[in-house]
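As given, the protein sequences belong to chains A and B, one line each in that order.
Take the first sequence: its position 123, counted from the start at 1, is 123 in the working numbering, and no numbers get skipped.
Just add 1000 to the spot in the second sequence (first one is 1) and you have the working numbering.
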Amino acid sequence: MAKFVVIGERIHCISPVIKKAMAEMDPEPIIARAKEQIAAGATYIDVNIGPAEKNGPELMKWAVKTIQEACDNVPLALDTANRNAIEAGISVYNRSKGKPIVNSADAGDRIENIDLAAANDAIAIALCSKAGVPADNDERMTYCQELLERGMEHGMEAEDLWFDPLFLVIKGMQDKQLDVLDFIGQLSDMGLNSTGGLSNVSNGTPKLIRPILDSTMVAMAMCKGLTSAIANPCDRRLMETIKSADIIKNHFLYADSFLEI
Amino acid sequence: MSFKRNPQVFSGSIKEVTIGNGANAVTIGGIKTMPLYSFDAPAKHKVAIGVEISDLGVDRSLPGLAAYYEGAETLAQIAERASKMPGADFVVLALEGADPNGENRSVEDCVAEAKEVFEAIDRPLAIIGSKNVEKDTKLFSALAEALQGKNVLLVSAREENYKTLGASVVMAYGNKLSAESAVDINLAKQLNVLLTQMGIQPEAFVMNVGSAAAGYGYDYVASTLDRVRSAALSQNDVMLQMPIITPVASEAWAVKEAVVSEEDIPEWGSRESRGINMEVCTAAAVIAGGSDAVLLMHPQSVATISGMIAGLK
């Protein structure tokens, strides 16, 4: 019954501006991008520092402190393949506005990230995959169960596992889109939280088309019970769709100015 | 196995709004639990009672009320007596004489009356207008100016005049405002959004989400209160976390049960006790629904409700 959680995806080392700022530990571009996303309606901010094999812990600590101090302790998703960096980030993380999110664990090589989240009272994004894209929903569900059990074994609350069905690119995997939606429905029926990289859906489509596909997908997924997405909050159409869907789902009370708040 | 109590904990809480200044100031709100669930967490402030008087004087056809105000003739004397009523937290002046369809007293006269009352009491003051939007817009702006910085509560701004009143009452003259929506939850939220977007802090206004006497559409009031309070607490909706005040006397004493004379329906018994019963029922119900302050008229109702508040603390 909670409001849909948007995890802002725009602090990502793929972006040249962010990559440069991270290399130079220049706070301004990163803070600007965090503030822009918060103003647009993001609840969490994803901090993707890439593989960060050399200075991961140092870089993640710096990024967490830089963003939280400048942005009223906005809650963060710590996004890197470097486990030590995630742990280092959590060590300086301020929880006053929400638990940190470990982004991410899967049922394969990254399953220990579940243990990491459990040990640090964090939320874990749990990808329902092992290696590559699961062939079907049975496979997804097998991984989901493995991840859920792992979390339980380590004392996690089920609500702190946010299962990622793996959103798939329409250009190339158009025939799999309904499977993803059905799987979200299955997660929802089990009372589980869910999230995922929504922008994958429209990857490779023209700039004008992306907001249309993303917002349509999010509306259909929210209807199935999706509770969160890693997405671009600066996409106005997308945010308007999410807010409208939250109204229709009775997640918060309608007022004429609901799009402005 | 011993009983383990699990308090219901919400992420949201109700804001605090203070009226009056100094030692006699009253703060309402600050609640973090469902109404009266003090077993989940103690209430930071108790439900406040405002004692309502009218600029048209005391209804001396009610023997109990007449006895309480005996010897209080001028508006200042009546106000002073009201402020001393056991259980009273603040005084409410209803400017019924301002009504353009009634005595249509001028803004200047009403301001003079309000100042007279303010000077006569050592408790916070709330003022109810004529309920005519056009008149109240002028009246409230003038009252706020005359009582600048006195932290009085003006009841109420509506959709039609929130902008003028927000700017004058709160921003220019440092008084408090209530935002009235007649049993319309979406409008209640919208008014809060609009006042907030003007730059008015949540500590500067309260909500009046509407009222009805028990049996006269009260079910709508009940569901409105429930929905507002539950969204404020469980959905942490900051646009619904303003404290709620409910004018009870004006509704309870206007319905048939409180109006019809004993000559017309003798089997109903004393009119005064009927009115008190309506007032007490309605006040108890809105407090159970989440109202942080109630406006009452009769000393017996005030005694009963303040006893209830103290007993359920």
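Glycine included, C-beta positions come from ideal geometry on N, C-alpha and C.
Check your understanding: What distance in whole Å lies between the Cβ atoms of Val1051/B and Met1085/B, which are believed to be in contact at a cut-off of 8 Å?
Key -> Yes, they are in contact, since the Cβ atoms of Met1085/B and Val1051/B sit about 5 Å apart, within 8 Å.
Point to revise | Under 9 Å from the C-beta of Leu253/A: neighbouring residues of chain B | key: Result: Ile1185, Asn1186, Ala1188, Lys1189, Arg1227, Val1228, Ala1231, Gln1235, Asp1237, Met1239, Leu1240.
Practice item. Can you grab the Cα-Cα spacing for the pair Ser1156/B / Val1206/B, in whole Å? Key: When rounded, the separation of the alpha-carbon atoms in Ser1156/B and Val1206/B is 9 Å.
Point to revise | Presumed contact (8 Å Cβ cut-off) between Leu187/A and Gly225/A, rounded CB distance | key: 7 Å between Cβ atoms; contact.
Point to revise | Given Asp79/A as reference, the closest of Ile248/A, Val47/A, Leu166/A once Cα atoms are compared | key: Nearest of Ile248/A, Val47/A, Leu166/A to Asp79/A, Cα basis: Val47/A.
Exercise for review: Could you spell out the range, first to last residue, of the beta strand (DSSP E) harbouring Pro1247/B?
Suggested key: If you look at Pro1247/B, you'll find it in the beta strand (DSSP E) that goes 1245–1247.
Practice item. Kindly list, in the order they appear in chain B, the residues whose Cβ is closer than 8 Å to that of Ile261/A. Key: By Cβ distance, chain B contributes Val1193, Met1239.
Review point. Beta-carbon separation of Ile184/A and Pro165/A under 8 Å?
Key: In this structure, Ile184/A sits near Pro165/A, with a CB-CB distance shorter than 8 Å.
Check your understanding: So, helix, strand or coil for Leu1036/B, using DSSP?
Key -> Correct three-state label for Leu1036/B: coil.
Review point. Between the Cα of Ile1185/B and the Cα atoms of Ala1231/B, Ser1306/B, His1045/B, which residue gives the shortest distance?
Key: When only C-alpha atoms are compared, the closest one is Ala1231/B.
Check your understanding: From what residue to what residue does the alpha helix (DSSP H) around Tyr1162/B run?
Key -> Residues 1162–1165.
Exercise for review: Would you mind reading off the limits of the beta strand (DSSP E) that contains Glu1016/B?
Suggested key: Here the beta strand (DSSP E) through Glu1016/B covers 1016–1019.
Exercise for review: Out of Asp235/A, Ala229/A, Ile261/A, Ser215/A, point me to the one whose CA is closest to Asp1237/B's CA.
Suggested key: In terms of Cα proximity to Asp1237/B, the closest of Asp235/A, Ala229/A, Ile261/A, Ser215/A is Ile261/A.
**Study point:** alpha helix (DSSP H) segment containing Gly1326/B, residue limits
**Key:** With chain B represented from 1001 up to 1313, any question about residue 1326/B goes unanswered, as that position is not in the structure.
Practice item. Might you give, ordered along the chain, the residues of its own chain that have their beta carbon closer than 6 Å to the beta carbon of Met222/A, omitting 5 neighbours on each side? Key: For Met222/A, where only same-chain residues beyond five positions count, the Cβ hits under 6 Å are Ala245.
Check your understanding: Taking the alpha-carbon positions, what's the Ala219/A to Lys171/A distance?
Key -> Rounded to whole angstroms, Ala219/A to Lys171/A spans 19 Å at the Cα level.
Exercise for review: Note down, in chain order, all residues in the segment 231–257 of chain A with a beta-carbon under 9 Å from any beta-carbon belonging to chain B.
Suggested key: Within the segment 231–257 of chain A, the qualifying residues are His251, Phe252, Leu253, Tyr254, Ala255, Asp256, Ser257.
Practice item. Return yes when the Cβ of Ser1130/B is within less than 8 Å of the Cβ of Leu1095/B, no when it is not. Key: Cβ distance < 8 Å, so Leu1095/B and Ser1130/B count as in contact.
Review point. Ala117/A: buried (16+ other C-beta within 10 angstroms of its C-beta) or exposed?
Key: So Ala117/A counts as buried.
Check your understanding: Quick one: is Lys176/A near chain B, going by C-beta distance under 8 Å?
Key -> Not an interface residue.
Point to revise | Gly1057/B to Leu1075/B span [Cα, whole Å] | key: So the two alpha carbons sit approximately 7 Å from each other.
**Study point:** chain B contacts made by the segment 93–126 of chain A, where a contact means CB separation under 8 Å
**Key:** Of all residues in the segment 93–126 of chain A, none has a Cβ within less than 8 Å of some Cβ in chain B.
Practice item. Enumerate in chain order the residues of its own chain whose CB-to-CB distance from Asn94/A is below 8 Å, with the five nearest sequence positions on each side excluded. Key: Contacts found: Gln68, Asn73.
Review point. What residues from the segment 30–48 of chain A come within 7 Å of chain B, judged by C-beta to C-beta, listed N to C?
Key: Taking a C-beta cut-off of 7 Å against chain B, none of the residues of the segment 30–48 of chain A qualify.
Exercise for review: Kindly list the residues whose CB is nearer than 7 Å to the CB of Gly196/A, restricted to its own chain and excluding five residues on each side of it in sequence; keep chain order.
Suggested key: Around Gly196/A: Asp164, Pro165, Leu166, Phe167, Ala229, Ile230.
Check your understanding: What number of angstroms, rounded off, separates the C-alpha of Val1111/B from the C-alpha of Gly8/A?
Key -> Between the C-alpha atoms of Val1111/B and Gly8/A there is a straight-line separation of about 53 Å.
**Study point:** Sequence-distant residues of its chain with Cβ nearer than 6 Å to Asn1021/B (five each side left out)
**Key:** Only Asn1151 meet the Cβ criterion.
Practice item. Hey, could you find the ends of the beta strand (DSSP E) Ala1048/B is sitting in? Key: 1048–1054 is the extent of the beta strand (DSSP E) around Ala1048/B.
Check your understanding: With DSSP run on the structure shown, which of helix, strand or coil describes Ile45/A?
Key -> In the three-state scheme derived from DSSP, where H, G and I count as helix and E and B as strand, Ile45/A is classed as strand.
Exercise for review: Look up Phe1205/B in the DSSP assignment and give the residues it is bridged to.
Suggested key: Under DSSP, Phe1205/B forms a beta bridge with Leu1177/B.
**Study point:** Contact check, Pro1247/B vs Ile1128/B, beta carbons under 8 Å
**Key:** Cβ atoms of Pro1247/B and Ile1128/B: closer than 8 Å.
Review point. What first and last residue would you give for the beta strand (DSSP E) that runs through Ser1141/B?
Key: Note, Ser1141/B: premise wrong, no beta strand (DSSP E); alpha helix (DSSP H) at 1133–1146.
Review point. Using CA coordinates, which residue listed in Ser1083/B, Met1034/B, Lys1015/B is at the minimum distance from Thr1027/B?
Key: Closest by alpha carbon: Lys1015/B.
**Study point:** Segment limits, alpha helix (DSSP H) that includes Phe183/A
**Key:** Per DSSP, Phe183/A is one residue of the alpha helix (DSSP H) stretching across 177–189.
Review point. Within this structure, are the beta carbons of Ala126/A and Leu181/A separated by less than 8 Å?
Key: Contact: no.
Review point. What is the rounded straight-line gap between the Cα of Ile111/A and the Cα of Ile1245/B?
Key: Computed Cα separation, rounded: 53 Å.
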